[in-house]
Amino acid sequence: MRTGHLLLVAIAFLVLSADMSVKVSARCPDPVAVYLNPGQPCDPQTCNGDCAREYHEGIGVCLNPKTCYCEYCLD
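Counted the way mature numbering (1 follows the signal peptide of the UniProt record, and there is no 0) counts, the sequence shown spans residues -26 to -1, 1 to 49.
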């Protein structure tokens, strides 16, 4: 049971990461990534809003309960 749970979490992580990269990559050829507020609880709306506000309309996604991942373009 534990292996199955871990596999599902890994698949969810890959799907979220791939979806976010496609959205940013469509806007620029070489996106930059940062982690926002490390160690603090991640709220999806706050993560995306902070990323967009602080990093050139970036896209923020919660990778786990305490990791906000933000990708943005420099141009």
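Where is the CB? At the ideal position from N, CA and C, for every residue including glycine.
Beta-carbon gap between residue i and residue j smaller than 8 Å
i     : j     : result
Cys47 : Pro15 : no
Pro18 : Cys44 : no
Lys40 : Gly13 : yes
Where the beta strand (DSSP E) containing residue i begins and where it ends
i     : result
Gly34 : Ile33 to Asn38
Any chain C beta carbon closer than 8 Å to residue i
i     : result
Gly34 : As a matter of chain content, chain C is missing from the structure shown, which is built from one protein chain.
For residue i, the first and last residue of its enclosing alpha helix (DSSP H)
i     : result
Cys47 : It is not in any alpha helix (DSSP H) - Cys47 carries neither H nor E in the DSSP assignment.
Gln19 : Pro18 to Glu28
Per DSSP, the bridge partner or partners of residue i
i    : result
Ala7 : Glu45
Residue nearest to residue i in terms of C-alpha spacing, selected from the options
i          : options              : result
residue 93 : Asp49, Pro3 and Tyr9 : Past the boundaries of the shown model lies residue 93; the chain is included only from -26 to 49, so the question cannot be answered.
Glu28      : Ala7, Pro3 and Cys2  : Ala7
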